[in-house]
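Residue numbers (my numbering), protein chains in the order written: chain A, 11 to 20; chain F, -19 to 195.
By construction, the Cβ of each residue, glycine as well, lies at the ideal position given by its N, Cα and C atoms.
Data block below; observations after.
This is the structure:
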């Protein structure tokens, strides 16, 4: 979950 | 989502639309590096692998599809369109862009968040995006005249990453206070590569002169 948050950007 | 990030995404989208319009309207891709465009296709494909597996938001999904679609369209135009492909001058597009792929991939294997296929490829796409503009900048330095649309394209492309830096500052200090070194450092490197272009672009704009990069 921690890293996935970083992938909410394009 | 904050204003800086939205502005960054819109500027990025705008830069691609400017490029597509230039190619479609003038039926010419002179001054455009095919190599940079091909690198962008690789960046988007490796960046958006989670397009179908993870839903962040409608905005996110739509933008990913648009970025993948438009970057493919640009490469298609430059490679296969009967008129446009003749205007591509491959002798001035000299940068050995395949030499960028391996170092970025090796670096992604060494420096990443999680050692999973998705994450390593996502990290690879960030490192690759940072240097993807190099063939285009090299081409601009070699080409005599830089037409306005091409200059604007590169300017907006640099502006998008600059806005993302502001977005990261905003997010870190005002939202989740979490350091994301990989996007930050690759984004800063990418923005730094535009620094001298920005300097000459603004200088030529102020002096109302044609944009000319020193060789």
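key: residue -18 of chain F, DSSP secondary structure in three states   = coil
Supposed contact pair residue 67 of chain F and residue 8 of chain F - C-beta distance, whole angstroms, cut 8 Å = 4 Å
task = Give the residues from the region 67 to 97 of chain F that approach chain A closer than 7 Å (Cβ to any Cβ), ordered along the chain.
result = 93 and 94
request  = State yes or no: is the C-beta of residue 24 of chain F within less than 8 Å of the C-beta of residue 48 of chain F?
outcome  = Yes. Within cutoff.
task = Taking 8 Å as the cut-off, decide whether the C-beta atoms of residue 91 of chain F and residue 173 of chain F are in contact.
result = no
message = Relative to the C-alpha of residue 19 of chain F, which candidate in F/-15, F/107, F/-1 and F/130 has its C-alpha closest?
response = Cα-wise, what sits closest to residue 19 of chain F is F/107.
message = For residue 153 of chain F and residue 102 of chain F, I'd like the C-alpha separation in whole angstroms.
response = 25 Å
ask   = Which first and last residues belong to the alpha helix (DSSP H) in which residue 18 of chain F is found?
value = 14 to 27
task = Determine the direct distance from the alpha carbon of residue 180 of chain F to that of residue 192 of chain F, and round the result to whole angstroms.
result = 7 Å
message = Need the endpoints of the alpha helix (DSSP H) that residue 31 of chain F sits in, please.
response = No alpha helix (DSSP H) contains residue 31 of chain F, which DSSP labels as neither H nor E.
query = Among F/176, F/-13 and F/-17, which one has its Cα closest to the Cα of residue 140 of chain F?
reply = F/-13
task = Could you work out which residues of chain A lie near residue -18 of chain F, taking near to mean beta carbons separated by less than 9 Å?
result = Here the premise fails: no neighbours, minimum Cβ distance about 11 Å.
task = Within the same chain, show all residues whose beta-carbon is closer than 7 Å to that of residue 123 of chain F, passing over the 5 residues directly before and after it, in chain order.
result = Taken in chain order, the residues that qualify are 11 and 72.
ask   = Using DSSP with H/G/I as helix, E/B as strand and the rest coil, what is residue 176 of chain F?
value = helix
ask   = If residue -15 of chain F sits next to residue 19 of chain A, beta carbons under 8 Å apart, how far is it from one beta carbon to the other, in whole angstroms?
value = 7 Å
ask   = Tell me which same chain residues have a C-beta within less than 7 Å of the C-beta of residue 116 of chain F, skipping the five on either side of it?
value = In chain order, 13, 16 and 134 place their CB closer than 7 Å to the CB of residue 116 of chain F, counting only its own chain and leaving out the 5 sequence neighbours on each side.
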